[in-house]
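Per this note's numbering, the sequence shown runs over residues 418 to 736.
Note that CB positions come from ideal geometry on N, CA and C, so glycine has one too.
What follows is a single structure, written as structure tokens, with notes after it.
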Amino acid sequence: MIIPDSGHLALVLLLAAGIDIIFGEPPAAVHPVVWIGKLINILKNAAPKTHRKLYGTAMALCCVFFASFLGYSILYITALPGIPGFLALLIEAYFLKATFAINCLLSPAREIYKHLEENQLEKVRELLPIYVSRNTSKLTKNQMSSAVVESVSENYVDGILSPIFYYALFGEFGLVAAYAFKAISTLDSMVGYKTEPYRELGYFSAKSDDVLNWIPARISVIFILAAAITVSLFPRKGRKINPFDSVKTALADGMKTPSPNSGYPMAATAGALGVKLEKPDTYVLGASYPQTEVKDIKRVSQLIAIASGFSLVAFVAVI
């Protein structure tokens, strides 16, 4: 197997980002993460009624092995002598793109923004549970806007920054690492809950997800700061961007969420936008700021899109 050089790895990352931005998500039938999700579903449905924590650990390890093997197989195939260089780049980029989703992260925010602008609150109540884990039946318009801003900023880490981070960190085996992370991330989203029937079954997956996102969550504050500085250089009417308040709020409120990681990107975003983010009866981030408004959904989309761009540039440089 020929070990790819750093130039090849950097091109794969840039091409993967281009595929994501231009084409978005591939069909489910040919989406590698959907394959991982189907395996999780099979194993989840076969879970015994006893020893669920042990089974959940074995289930997670099985899924990580499957995902890692998938990533390694792609590297093996693209390194075969008969595979043209550009085709190898394209195949690796396609499979790397499947581990992160810039387009998919921002598209729902645009859809919900449109419904909120048109005051279609019941439609928003139907859509929000797909993206946030809270009871939406009594949320106000401001709280709905807050939920979208929270979702976009939190998922920036799990859905964009972390896969790229592990891809860059593990060099020639970066694709394997990105898939191993994605397996854990998908497990956490499907079984990593503190409520039954997943409390024991998803325990290992949830804890592993916390560990793997620990560093990227804290690095995200730097990229959100860089994005906030960039936006502040082009002032517009309305609320101002507060670049250094992003760091101040992240340090003050980053640990106020139940998750050890999600609070950092959310608090940094709250500080940068100068808005209060609130999950009723759970946490308040940036309590001194005014409530989130519908227009802040556009602002967070811009902020996180720029932060994602800085992430790509930074990790291409690292590679």
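- [ ] Verify whether the separation of the beta carbon atoms of I453 and A585 is less than 8 Å.
- [x] no
TODO: Report the rounded CA-to-CA distance for V569 versus L592, giving the unit in angstroms.
DONE: Approximately 25 Å, taken between the alpha carbons.
TODO: Confirm, please, whether the CB-CB distance from Y548 to P525 is below 8 Å.
DONE: Between P525 and Y548, the CB-CB gap stays under 8 Å.
TODO: Assign E534 to one of two classes, buried (16 or more other C-beta atoms within 10 Å of its C-beta) or exposed (fewer than that).
DONE: exposed
Task: Spatial neighbours of P675 in its chain, beta-carbon cut-off 8 Å, leaving aside the 5 residues before and after - done: T699 and Y700
Task: For I436 and P501, the rounded distance between their alpha carbons - done: If you take the alpha carbons of P501 and I436, they lie about 19 Å apart.
TODO: Can you tell me which of the three DSSP states Q560 falls into?
DONE: helix
Open item on the list: Check for me: the beta strand (DSSP E) holding E442 runs from which residue to which?
Closed with: Where E442 is concerned, there is no enclosing beta strand (DSSP E), given that its DSSP letter is neither H nor E.
Open item on the list: Does the structure place the region 421-434 close enough to the region 509-523 that three or more beta carbon pairs sit under 8 Å?
Closed with: yes
TODO: Entirely within the region 518-585 and at least 4 residues each: give me those alpha helix (DSSP H) ranges in chain order.
DONE: Uninterrupted alpha helix (DSSP H) stretches at least 4 residues long and entirely within the region 518-585 occur at 519-534, 538-544 and 558-573, given in chain order.
TODO: Using three-state DSSP, classify Y472 as helix, strand or coil.
DONE: helix
Open item on the list: For A505 and K555, I'd like the C-alpha separation in whole angstroms.
Closed with: 51 Å
TODO: State the DSSP-derived secondary structure class of V692, mapped to helix, strand or coil.
DONE: V692 carries a coil assignment under DSSP once its states are collapsed to helix, strand and coil.
Open item on the list: Tell me the DSSP secondary structure of L702 in three-state form.
Closed with: strand
- [ ] Within its chain, find whatever has a CB closer than 6 Å to the CB of S718; leave out the 5 residues flanking it on each side and keep chain order.
- [x] Closer than 6 Å at the Cβ level, and outside the excluded window around S718, lie L523 and A526.
Task: Identity of the residues DSSP links to Q708 by a beta bridge - done: K693
TODO: Decide yes or no for the touch test of the region 624-635 against the region 701-718: beta carbon pairs closer than 8 Å, at least 3 of them.
DONE: no
Open item on the list: Starting from R635, trace the alpha helix (DSSP H) in both directions and tell me its first and last residue.
Closed with: Taken as a continuous stretch (DSSP letters only), the alpha helix (DSSP H) holding R635 covers Y620 to S649.
Open item on the list: Whole angstroms are fine: how far does the CA of V574 sit from the CA of A634?
Closed with: 6 Å
- [ ] Work out the CA separation of G441 and S602 for me, nearest whole Å.
- [x] 19 Å
Open item on the list: Can you list, in chain order, the residues of its chain with a C-beta nearer than 6 Å to that of I721? Leave out the 5 residues immediately preceding and following it.
Closed with: V569 and Y573
TODO: May I ask you to report which of helix, strand or coil DSSP gives D605?
DONE: helix
TODO: Would you identify the three-state DSSP class for K673, choosing helix, strand or coil?
DONE: Coil, per DSSP.
Open item on the list: I'd like to check one pair, L487 with Y596: are the Cβ atoms closer than 8 Å?
Closed with: yes
Task: Beta carbon of S725 nearer than 8 Å to that of A689 - done: no
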